[in-house]
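Residue numbers (the numbering used here): 1 to 301. For reference, the structure is listed below as structure tokens.
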């Protein structure tokens, strides 16, 4: 039987351990604040480890424009319809030549300039891994309207999230991009909910599908993955607004994702950069520096 002295000693050790963790997390937050302090940009950050005390946020509840980050959420909304049997991943979808709008970034248009027919699975891969805008809007048409995505996540309890417009509308009007927004904290909440899949949001087949797509994302090499050790697995989605032609301000350079550690653990991280007067390279470096600081913290635990 454990006596009172032993219990007290264990309690003291646990308190010291927790205090040590808190101090390390505080140092991580200070390092992130140092990274962003000299930049002419507004930066929002949310980081969560696998333990409850491994969490921090900076401007975690501020609304940030998502840009292409919302393509991850669109894919999840599509998969919800697949789960219901209303759609299927092997369902063939025609993309007409008239839908291959020249002002939209689209590897689909580059490969199929006369139009094509692709499965929903193929369109999701183009949309998420290659950030294809034509594919994105094709998926939104299947859902009926952009707000269907917002309603889906609202039904799951995610309230700090809005989708009002598609890529065509967003790319043709600078001011409207701010209608599609989220907070860093909510971005992390959604990442964790769907990766951990505790409530059975997705079948194993569809869970494996979307996370393999996320791990294959080709955009944003200079962001979350920019300074991590070679071979690090990152399941992520990027977003970018470009610069305003008159003000030279960037509204969004974003990256959300899950970073996997050598020991099998992982952490979720969402970084949003807005109202930036910095160069594109500097904006990406902000995200890369923050991700590396988080990696160092979790890898040293």
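By construction, the Cβ of each residue, glycine as well, lies at the ideal position given by its N, Cα and C atoms.
* To do: Apply the 10 Å Cβ neighbour rule to residue 296 and answer buried if 16 or more other Cβ atoms are within range, or exposed otherwise.
  => Taking the first residue of the chain shown as position 1, residue 296 is located at position 296. That one is exposed.
* **Distance between residue 43 and residue 278 (C-alpha atoms, nearest Å)** => The sequence position of residue 278 within the chain shown is 278, counting from 1. The sequence position of residue 43 within the chain shown is 43, counting from 1. Whole-angstrom Cα-Cα distance: 12 Å.
* To do: Quick one: using the 10 Å Cβ neighbour count with 16 as the cut-off for buried, is residue 23 buried or exposed?
  => The count along the chain shown starts at 1 and reaches residue 23 at position 23. Classification for residue 23: exposed.
* Between which two residues does the alpha helix (DSSP H) harbouring residue 147 extend? -> As a first step, residue 147 is located in the chain shown; it is residue number 147 there, counting from the start. From DSSP, the alpha helix (DSSP H) with residue 147 extends over 147 to 155.
* To do: Assess, as a yes-or-no matter, whether the region 257 to 274 is touched by the region 226 to 245 under the definition of 3 or more beta carbon pairs within less than 8 Å.
  => yes
* To do: Note down, in chain order, each residue of its chain lying with its Cβ closer than 6 Å to the Cβ of residue 73, except the 5 sequence neighbours on either side.
  => In the chain shown, the residue the question calls residue 73 occupies position 73. Answer for residue 73: 149, listed in chain order.
* **Straight-line gap, residue 214 to residue 128 (C-alpha atoms, nearest Å)** => Taking the chain shown and counting its residues from 1, the one referred to as residue 214 is at position 214. Taking the chain shown and counting its residues from 1, the one referred to as residue 128 is at position 128. Taking the straight line joining both Cα atoms gives about 7 Å.
* Quick one: measure Cβ to Cβ for residue 58 and residue 120, integer angstroms, because I've assumed they're closer than 8 Å. => Here residue 58 is taken as the residue at index 58 of the chain shown, counted from 1. Here residue 120 is taken as the residue at index 120 of the chain shown, counted from 1. Not confirmed; about 37 Å, so no contact.
* To do: Could you give the DSSP three-state label for residue 258: helix, strand or coil?
  => What you label residue 258 is simply residue 258 of the chain shown in a count that begins at 1. Correct three-state label for residue 258: strand.
* To do: Indicate the three-state DSSP secondary structure (helix, strand or coil) for residue 105 in the structure shown.
  => Here residue 105 corresponds to residue number 105 of the chain shown, with the count starting at 1. Residue 105: coil per DSSP, three-state reduction.
* Chain-order list of residues whose beta-carbon lies under 6 Å from that of residue 136 (same chain, five-residue window excluded) -> In the chain shown, residue 136 corresponds to position 136, counting from 1. Hits under 6 Å: 71, 127, 167.
* **Collapsed DSSP secondary structure at residue 68 in the structure displayed** => Locating residue 68 in the chain shown gives position 68, counting from the first residue. Three-state result, residue 68: helix.
* Asked: Applying the criterion that 16 or more other CB atoms from any shown protein chain within 10 Å of the CB defines a buried residue, is residue 54 buried or exposed?
  -> In the chain shown, residue 54 corresponds to position 54, counting from 1. When all chains shown are included, residue 54 counts as buried.
* **Straight-line gap, residue 301 to residue 124 (C-alpha atoms, nearest Å)** => As a first step, residue 301 is located in the chain shown; it is residue number 301 there, counting from the start. As a first step, residue 124 is located in the chain shown; it is residue number 124 there, counting from the start. Each residue's alpha carbon lies about 36 Å from the other.
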